[in-house]
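The next block holds one structure in the form of structure tokens; read it before the comments.
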Amino acid sequence: MNRRRTSTAIGVGLLTMFLAIPAVAEQEAPEHCAVFLDRSVDDADTKPVETAPIDIGCFDTLSEALVAGSAGTLHPTPFVSLRTLTDRSLDEGGGSTMDVEDPEKTFLIGIEYDLITFDGGTRSYYFDRACNANPIEVNVGDTWDDRFESGKGFAGCGSNKKFAGQNQNGDVHLCTPSCGSYNDLRNRVSSLRWKE
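Under the numbering used here, think of the first position of the sequence shown as 81, with each following residue one higher.
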């Protein structure tokens, strides 16, 4: 009898332990969002151009976000790598970020990543021209505030600054053109500035 009670007690004990283990939450797949920078806030092209972000949409893959954000002018392969994406790899994928002859074109100027080393979810930014000496500026907005950890510049944007405060204020981190980590500014970015 003692063996049966002991076996039952062990079985109940194991079942209780199993039920007490918290369920592992399913990780959400990262989303990849595209944003057009509207210069209606500031039409001048002789000083920093302040822009307003217009959400194009969020997608399951970076490739989908690149196609949507560029109005179909970028055609990266479906399995484009988040980490190794460059202007050159976009050109080889059938789309160019540097075709300044097309006035209807939108240019990918930067991608911000949720994680270090160009990983996680992304927010890609598009503008009506490639970078030049006049900076392009934007506040990231409430949804994206204090979220970015790494980023890349495209379309000639060789100097990319990340700011802790809105309107390009506070602590700053410079990328030339890309940074695998924003170091002390990780998860503290509130505004951005791109220029050549």
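Where is the CB? At the ideal position from N, CA and C, for every residue including glycine. Being a predicted model, the structure only gives us computed values, none of them experimental.
DSSP, reduced to helix, strand and coil, places Ser204 within a strand of the structure shown.
When C-alpha distances from Phe243 are compared across Ala235, Leu254, Gly233, the shortest belongs to Leu254.
The three-state secondary structure of Val220, taken from DSSP, is coil. For Gly236, same chain residues with a beta-carbon under 6 Å away, outside a window of 5 residues either side, are Ala210, Cys211, Glu276 in chain order.
Excluding five sequence positions before and after Lys241, the CB atoms of its chain that fall closer than 6 Å to its own CB belong to Val252, Leu254, Arg273, given in chain order. Glu217 is positioned such that its CB atom lies no closer than 9 Å to that of Thr202. By the beta-carbon neighbour count (other beta carbons within 10 angstroms, threshold 16), Ser270 is buried. Taking all protein chains in view, the Cβ of Lys127 is surrounded by fewer than 16 other Cβ atoms within 10 Å, so the residue is classified as exposed. The C-beta distance from Arg168 to Glu229 rounds to 24 Å, too long to meet the 8 Å contact threshold.
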